[in-house]
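Numbering (the numbering used here), first residue to last: 26 to 89.
Okay, structure coming up:
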């Protein structure tokens, strides 16, 4: 999250920062409570973000 420059990314960047913040808070909660169910709930969100970044990478390589 330290490398996400919200001032350059505008609303999209702020939304992404909010999602990252949510994930960190849920992982912290899961760790404190030792609750794997919380982790299971956010894994699909993390996978969606991973897939979106992978697709973005592929598209950027195709443009070059």
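Glycine included, each C-beta is placed from N, C-alpha and C at the ideal position.
**Report entry** Cβ-based neighbour list, residue 29, same chain, cut-off 8 Å, excluding 5 preceding and 5 following
**Finding:** Looking up residue 29 in the chain shown gives position 4. Result list for residue 29: 38, 41, 42, 45, in chain order.
**Report entry** Which of helix, strand or coil DSSP assigns to residue 59
**Finding:** Here residue 59 refers to the residue found at position 34 of the chain shown. Of the three classes helix, strand and coil, the one that applies to residue 59 here is coil, per DSSP.
Query - Inter-residue spacing [alpha-carbon to alpha-carbon] between residue 55 and residue 83 - result: Numbered from its first residue, the chain shown carries residue 55 at position 30. Numbered from its first residue, the chain shown carries residue 83 at position 58. For residue 55 and residue 83, the distance between alpha carbons rounds to 33 Å.
Query raised in the report: Got a sec? Which residues, its chain only, sit under 6 Å from residue 64 by beta carbon, not counting five neighbours each side?
Result: In the chain shown, residue 64 corresponds to position 39, counting from 1. Hits under 6 Å: 55.
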